[in-house]
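In our numbering, the protein residues as written are 48 to 274. By construction, the Cβ of each residue, glycine as well, lies at the ideal position given by its N, Cα and C atoms. On a predicted model such as this, the values are computed, not experimentally measured, just so you know. Let me begin by presenting the structure, written as structure tokens, before commenting on it.
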Amino acid sequence: MSANPEMDEGIVTLPLPEAPATFETPEPVVPGPEPVVPKAKERRPRPAWLKTAVLGAAALIATGTLGYVANTAAQQRNQAFDAFVSTKATLVATDAALNQAKQDAATKKVTADYVSMYVADSGKVQTDYQSVVACNSYSSCRTGAQQFLEDAQAFQADRGKAVVPSNLTNTDASLGDALSAAIAGDQELIDGMDNDSLSKIRDGSHRVDAAMLSIAKAEASMGTALK
């Protein structure tokens, strides 16, 4: 700026030139090596025999496994069957023993029932017979003879319904005959007393005595059979 303002007015101030812009030149990019992409391996065709071999191996494995399982199952089945046969044999033996025991028990019960029947009914008949033997009047003899008849008939009926043990068959048959004779003789005795027939009284009494002797013999035979 000068000291003279007028001169300043005629002076044109030129703009200073701007500094040229500087540009950084980028470093050139050096391309690196291209990545190596592995090439896919070419699939070779499988040999025709490979599939057959694989199937054969699988078949052998399956056959071996199934064969082992089948063999094991067969062994277990055989063992189970052997055990069954053994158990069945044991059961058969046990069943036979049980049946024998049942038969023995049944036989014992049959014998016990028969003997019980015999003792009860025979006791009554024996008591009645003693009353007839000891009677000393028409009334007592008639009452005793009637009671003897009823008890002897009941004895015969009970014997007919009873199950007779096999070892007492003969004894029971003899007892049945003796009771029939005793009943028939007592009926004749009663008829003689009711009709004042001395011959019937004597014959009836004799038949009753003989029948009671037969009953006593049957009882002795029974005792022998039960030993």
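In this structure, the alpha-carbon of SER261 lies about 28 Å from that of ASN242. Contact annotation, MET240 with ILE248: C-beta distance approximately 6 Å; criterion of less than 8 Å satisfied.
Counting only runs of 3+ residues, no beta strand (DSSP E) is found wholly inside the segment 179-216. Inter-residue distance for ASP256 and GLY223 is about 16 Å (C-alpha atoms, whole angstroms). Per DSSP, reduced to three states, the secondary structure at SER246 is helical.
Closest in C-alpha terms to ASP238, from the list ALA152, ALA192, ALA201 and ALA181, comes ALA192.
Within the model, the alpha-carbon separation for SER268 versus THR218 is close to 6 Å. By the criterion of a C-beta distance shorter than 6 Å, MET259 is surrounded in its chain by TYR176, once the five residues flanking it on both sides are discounted. Under the Cβ criterion (8 Å, minimum of three pairs), the segment 155-168 counts as touching the segment 200-213. Comparing C-alpha distances from LYS155 to each of PRO212, ASP168 and VAL172 shows the shortest one belongs to PRO212.
Of SER252, THR190, GLN194 and ARG254, the smallest CA-CA separation from ASP168 is found for GLN194. Taking a C-beta distance under 8 Å as the contact criterion, ALA263 and LEU226 do not qualify as a contact pair.
LYS274 sits in coil when the DSSP states are folded into three classes, being neither helix nor strand. Put simply, of ALA148, GLU266, LYS149 and ALA143 the residue whose alpha carbon is nearest the alpha carbon of THR216 is GLU266. Cα atoms of ASN183 and ALA148: separation of roughly 54 Å, rounded to the nearest angstrom. Distance between ALA228 and SER252, taken at the CA atoms: about 11 Å. Setting aside the 5 residues that flank it on each side, ALA272 is surrounded in the same chain by ASN214, LEU215 and THR218, each with a C-beta closer than 7 Å to its C-beta; the list follows chain order. If you draw a straight line from the Cα of CYS188 to the Cα of GLY170, it is about 19 Å long. Listed in chain order, the non-local C-beta contacts of VAL179 below 7 Å within the same chain comprise CYS188, GLY191, ALA192 and PHE195, local neighbours out to five positions each way being set aside.
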